[in-house]
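J.: Protein chains in written order, with the UniProt record's numbering: chain X, 1 to 250; chain R, 1 to 498.
For reference, the structure I am asking about is given below.
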Amino acid sequence: MFVTVLFALLFYAATAIFLAGIGMRIARYARTPAPLKIPTTPAPTTRGGVVLRMVTEVVLFNSLFKANKWIWIFGIVFHVALALVLLRHLRYFLDPVPAWVVMIQPFGKYAAFAMVLGLAGLWARRVFVERIRYISSPSDHLMLALLLGIGLTGLAMTYLWHVDITAVKLFFTGLMRFDFNPLPAHPMLLLHLLLVAGLMIIFPFSKLLHAPGVFFSPTRNQVDNPREKRHLTNVKWMVRSEKPAASADQ
Amino acid sequence: MANFDTPELTESDTVEIPALKSGVMSHSKPFVSKEQFQEPLGFPGELVDNWKDVAVNKLGELLQTNRALQVFMDSCVKCGACTDKCHYFLGTSDPRNMPVARQDLLRSVYRRYFTLPGKYFPKLVGATDLTEDVLDQWYSYFHQCSECRRCSVYCPYGIDTAEITMATRDIMNAVGKGQKYSNEIIGKVFKIGNNLGLPQPALEDTLLGLEEDVKDDTGIDVRFPLDEKGAEVLVVTPSADFFAEPHIDGLIGYAKVFHAAGISWTLSSHASEAANFGLFIGSGENMKRIAMRIREAALDLGVKRIVFGECGHAWRVAYSYLNTLAGPFDFLDPRYPVPQHICEFTYDLIQRGVLTLDKSRNDHRRVTFHDSCNVARASRMGDMPGGQFIIPREIIKATCNHFYDMAPDTIGEGTFCCGGGGGLLTDDLMELRVKGALPRMNALKDVVDEHEVTHMAAICAICKSQFSKVLPYYGFQMDQIVSVHQLVSDALVLDAKQ
Ligand code: SF4
Ligand code: SF4
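Written out as structure tokens, the structure is:
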């Protein structure tokens, strides 16, 4: 029971920090003005074009593909696998489990291998490629360790030491109704959950902010139409004019 | 100035990534701006006593007024995709010239003062206190970025080091550690009207001299009007066009094009400069003040259109910012975009068959084209994405029989900087300028070897000045760099339709 309460509280706290932290960052990005138009060209000249550009960036990592094929491969393998794995985990929170979540289970299971592989590749580059070693700080390695730990403990439970999944599901669905059901005291599970909670807590304070950040990047999300449409902001230096403009303003 | 070796050109057309040589460029610094250059721009004359507080406050203010900066400070994942994209890194091997490492000089201070992990676990996340040493490194390495934005093309989050460089230079100016070259020039623009400090009478003289030269050459009266009220078009061009080589041949080209098209035009002594170094020092206030002159000149002269001459960053400021900074421009003729680039103007005339061009007059030249960074990655021409790549090339092809592009990953959006942009075109940074030109020189050598290219055309005043200085270091001739409108000028048959 002690473990159950501890993890229940931990997950409430982690969820609160995660949501509030990300929410506050997003609010900050949205509120901060972008005083000038700075899309990196050749940029789309319409809103629709910008949406398409963002999709190719977020889904296909288009710029990264142009930059470096190795980072792109490891990066995309990791992210796609992570997405699959996350979706697969919906079955621990939803009742009844939607058909499509059931359908992706087998893919999700194998995706965990791909996720670990992608992370290992990224880490190897960080260690063995001189330039990337130079720019890495301890937190960059720790973040990879954390994600890799999550992947490995997950894999271990899927393939080596099975856990009472029904009980895990009861625990999480219970949490959502503020109703504590016992969490199996399986060491691999506890480690897995501990790492996940850790990741949620550091998310809003770390480079993981690239996830919301990419949508707010002015070089990528601005329409390239400054001559057609006058871009205005109320940044102080824009409004305060040192010298009044010459006579006729309109 | 320190002695240095010019890097060796490599045989292959692939970009070679050098092994890291930590700190080899830490000695590279431009002259510090003196009091008399600082104050007219609204900056303290020398390093203020409480500079650390001032700097941290200024950073805080910038974070709140520039979304790009805030997002870029948070979003970098240290993926390393940008590490081999900067010409200064490729040319110097100094790892601090890798874009992400340059950014981190500011980011580590941001973390320390503006994030929780940086406050409590600085070592873990690579956060540092703002110290004199850090300020020194800022001064060195943020003056080894030409704000060319090449790195921003390849970053998965579009992180633009230029924005970070500008912010840091803005902070350095706010504490009284400005760079002499840029600030002195901005002062001249405010006082006299152009970067060179050419007063109105000198300008008038120069233009009259040009009229005579063209008359001698062609026998035709091509005008170079100054401050003519009621002209149709106001031309704003970099002041280098008035006297530097090869810039001046470009100016002659514009004049001939206007003459051939029969469109009246004028230069303005009030706005006798297209360049806007406010961009380079990251100062919105100064950028706005400089931009205002152009609006004032247009209103004063009563023109209908504004056309910008061949200058890369001036075109960026004009295309992307002029409307925001100095607009609205609804007193101009709505049938034309405001402003237009001289290449758009000439291209349109070529399209409509207004100009008679004899390509064979350029047969002694085998030409390649250098895309200037600010045109390529920060502006556009025409109404299609990528028009800034197409239009200048179409002009060259309409005026020359022999045109060859350099390797695809060194032109267009991936173009390599000339090495002298962003406020670095000063003799005190010669080593950096020469080394930073290496990737462009390699690409040039390729087309020279393969296609016997003799000339490189450009549409940026800084590129042209930089190349005339740097080409000889690599065994080329300084006059191998030409203006695009010089090619137009030479091919244009003037008497045909008069
Ligand atoms: S903007 Fe250009 S000069 Fe500056 S870091 Fe990026 S690639 Fe280098
Ligand atoms: S490419 Fe972007 S995210 Fe990657 S290291 Fe460079 S700046 Fe950071």
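Where is the CB? At the ideal position from N, CA and C, for every residue including glycine.
(1) Please report how far the alpha carbon of Ala246 (chain X) lies from the alpha carbon of Ala291 (chain R), in whole angstroms.
(2) May I have the straight-line CA-CA distance separating Glu211 (chain R) from His402 (chain R), to the nearest angstrom?
(3) Of the choices R:Val189, R:Thr218, R:Trp265 and R:Ser272, whose alpha-carbon is the least far from that of Phe242 (chain R)?
(4) In whole angstroms, what separates the C-alpha of Thr65 (chain R) from that of Val448 (chain R)?
(5) Reducing DSSP to helix, strand and coil, say where Arg305 (chain R) ends up.
(6) Given 7 Å as the limit, tell me if Thr165 (chain R) has its C-beta closer than that to any heavy atom belonging to ligand 1.
(7) With H, G and I counted as helix, E and B as strand and the rest as coil, what does DSSP make of Ala185 (chain X)?
(8) Which first and last residues belong to the beta strand (DSSP E) in which Ile481 (chain R) is found?
(9) For the candidate residues X:Tyr12, X:Ala83, X:Pro226 and X:Met238, whose alpha-carbon lies nearest to that of Pro44 (chain X)?
(10) Does the distance from the CB of Ile281 (chain R) to the CB of Ser146 (chain R) come in under 8 Å?
(11) Below 8 Å on the Cβ atoms is my guess for Val329 (chain R) versus Gly187 (chain R); work out the distance and round it to an integer in Å.
(12) Find the residues of chain X that neighbour Ser28 (chain R), judging by a C-beta separation of less than 9 Å, and give them in chain order.
(13) With a floor of 3 residues, list each beta strand (DSSP E) that falls wholly inside the segment 434-465 of chain R, ordered by position along the chain.
(14) Compute the Euclidean distance between the alpha carbons of Pro40 (chain R) and Asn50 (chain R), then round it to the nearest angstrom.
(15) Go to Leu234 (chain R), then tell me how far its beta strand (DSSP E) extends in each direction, as first and last residue.
(16) Take the Cβ of Lys497 (chain R) as the centre, count every other Cβ of all protein chains shown within 10 Å, and call the residue buried at 16 or more, exposed below.
(17) Please report whether the beta-carbon of Met238 (chain X) lies at a distance below 8 Å from any beta-carbon of chain R.
(18) Please return the same chain residues whose Cβ sits closer than 6 Å to the Cβ of Glu242 (chain X), not counting the five positions on each side in sequence.
(19) In this structure, does DSSP put Lys243 (chain X) in helix, strand or coil?
(20) Since Ile71 (chain X) and Ala81 (chain R) are thought to touch, with beta carbons under 8 Å apart, how far apart are those beta carbons, to the nearest angstrom?
(21) Would you call the segment 53-66 of chain X and the segment 99-107 of chain R in contact, with 3 or more CB pairs under 8 Å?
(22) Under the rule that 16 or more other beta-carbon atoms within 10 Å means buried, what is Gln480 (chain R), buried or exposed?
(23) Run down chain X in chain order and give the residues with a C-beta less than 8 Å from the C-beta of Ser320 (chain R).
(24) Under 8 Å by Cβ, that's how I've got Val239 (chain X) and Pro33 (chain X) pegged, so tell me the actual separation to the nearest angstrom.
(25) Around the C-beta of Gln105 (chain X), are 16 or more other C-beta atoms found within 10 angstroms, so that it is buried, or is it exposed?
(26) Can you tell me which of the three DSSP states Gly284 (chain R) falls into?
(27) I'd like to know whether the C-beta of Gln250 (chain X) is nearer than 8 Å to at least one C-beta of chain R.
(28) Any beta carbon from chain R within less than 8 Å of His231 (chain X)'s own beta carbon?
(29) Mind checking who Phe216 (chain X) pairs with in its DSSP beta bridge?
(30) How would you list, in chain order, the residues of chain R whose beta-carbon sits under 8 Å from the beta-carbon of Lys207 (chain X)?
(31) Among R:Met172, R:Thr399 and R:Gly197, which residue has its Cα nearest to the Cα of Val54 (chain R)?
(32) Between the Cα of residue 573 (chain R) and the Cα atoms of R:Tyr113, R:Ile395, R:Asp221 and R:Gly419, which residue gives the shortest distance?
(33) Give the C-beta separation of Pro337 (chain R) and Phe308 (chain R) to the nearest angstrom, bearing in mind that I take them to be a contact with Cβ-Cβ under 8 Å.
(34) According to the neighbour-count rule (16 or more other Cβ atoms, all chains shown, within 10 Å of its Cβ), is Tyr110 (chain X) buried or exposed?
(35) Does the beta carbon of Lys109 (chain X) sit closer than 8 Å to a beta carbon anywhere in chain R?
(36) Buried or exposed: Pro244 (chain X), going by 16 or more other Cβ atoms within 10 Å of its Cβ?
T.: Looking at the atomic coordinates:
(1) Summary for Ala246 (chain X): the model assigns pLDDT 40, below 50, so the residue's position carries little reliability; its value from the coordinates is reported in the next sentence. Taking the straight line joining both Cα atoms gives about 12 Å.
(2) Between the C-alpha atoms of Glu211 (chain R) and His402 (chain R) there is a straight-line separation of about 30 Å.
(3) Here the closest residue by C-alpha is R:Ser272.
(4) When rounded, the distance between both Cα atoms is 47 Å.
(5) If DSSP states are grouped into helix, strand and coil, Arg305 (chain R) belongs with the strands.
(6) Thr165 (chain R) Cβ: within cutoff of ligand 1.
(7) Coil, per DSSP.
(8) Taken as a continuous stretch (DSSP letters only), the beta strand (DSSP E) holding Ile481 (chain R) covers Ile481 to Ser483.
(9) Minimum Cα distance to Pro44 (chain X) is reached at X:Pro226.
(10) Contact flag unset, no.
(11) Inspection of the sequence shows that residue 329 (chain R) is occupied by Phe rather than by Val. At roughly 27 Å, the Cβ-Cβ gap does not stay under 8 Å, so Phe329 (chain R) and Gly187 (chain R) are not in contact.
(12) What Ser28 (chain R) touches in chain X: nothing, since even the nearest Cβ is about 19 Å away.
(13) 455-458, all fully within the segment 434-465 of chain R.
(14) Whole-angstrom Cα-Cα distance: 21 Å.
(15) For Leu234 (chain R), the enclosing beta strand (DSSP E) covers residues Val233 to Val236.
(16) Residue placement at Lys497 (chain R) cannot be trusted, given a pLDDT of 45 that sits under 50; what the coordinates show is reported in the next sentence. Lys497 (chain R) is exposed by the Cβ-count criterion.
(17) Yes - at least one Cβ of chain R is within 8 Å of the one on Met238 (chain X).
(18) Any reading at Glu242 (chain X) is ruled out, since the residue's pLDDT is 45, under 50, leaving its predicted position unreliable.
(19) For Lys243 (chain X), the predicted model reports a pLDDT of 46, less than 50, meaning its position is unreliable and no value from the coordinates is stated.
(20) Contact annotation, Ile71 (chain X) with Ala81 (chain R): C-beta distance approximately 6 Å; criterion of less than 8 Å satisfied.
(21) Result no; under three Cβ-Cβ pairs closer than 8 Å.
(22) Classification of Gln480 (chain R): buried, given that the 10 Å Cβ count is 16 or more.
(23) Residues of chain X with a Cβ closer than 8 Å to the Cβ of Ser320 (chain R) are, in chain order, Leu36, Lys37, Ile38 and Pro226.
(24) With a Cβ gap of about 11 Å, Val239 (chain X) and Pro33 (chain X) do not count as contacting.
(25) Burial call: exposed.
(26) In this structure, Gly284 (chain R) counts as helix in the three-state DSSP scheme.
(27) Its pLDDT being 31, under 50, Gln250 (chain X) is placed unreliably by the model, and nothing is read from it.
(28) Interface residue (Cβ-Cβ distance to chain R less than 8 Å): His231 (chain X) is classified as such.
(29) Looking at the DSSP assignment, Phe216 (chain X) forms no beta bridge with any residue, so it has no partner.
(30) What Lys207 (chain X) touches in chain R: Asp74, Ser75, Cys76, Val77 and Lys78.
(31) That would be R:Met172, whose Cα lies nearest to the Cα of Val54 (chain R).
(32) As displayed, chain R neither begins before 1 nor continues past 498, which places residue 573 (chain R) out of reach and without an answer.
(33) So it is not a contact: roughly 11 Å between Cβ atoms.
(34) Per the 10 Å Cβ criterion, exposed.
(35) Not one chain R Cβ lies under 8 Å of Lys109 (chain X).
(36) In this prediction, Pro244 (chain X) has a pLDDT of 44, which is less than 50 and means its spatial position is unreliable; nothing more can be read from the coordinates.
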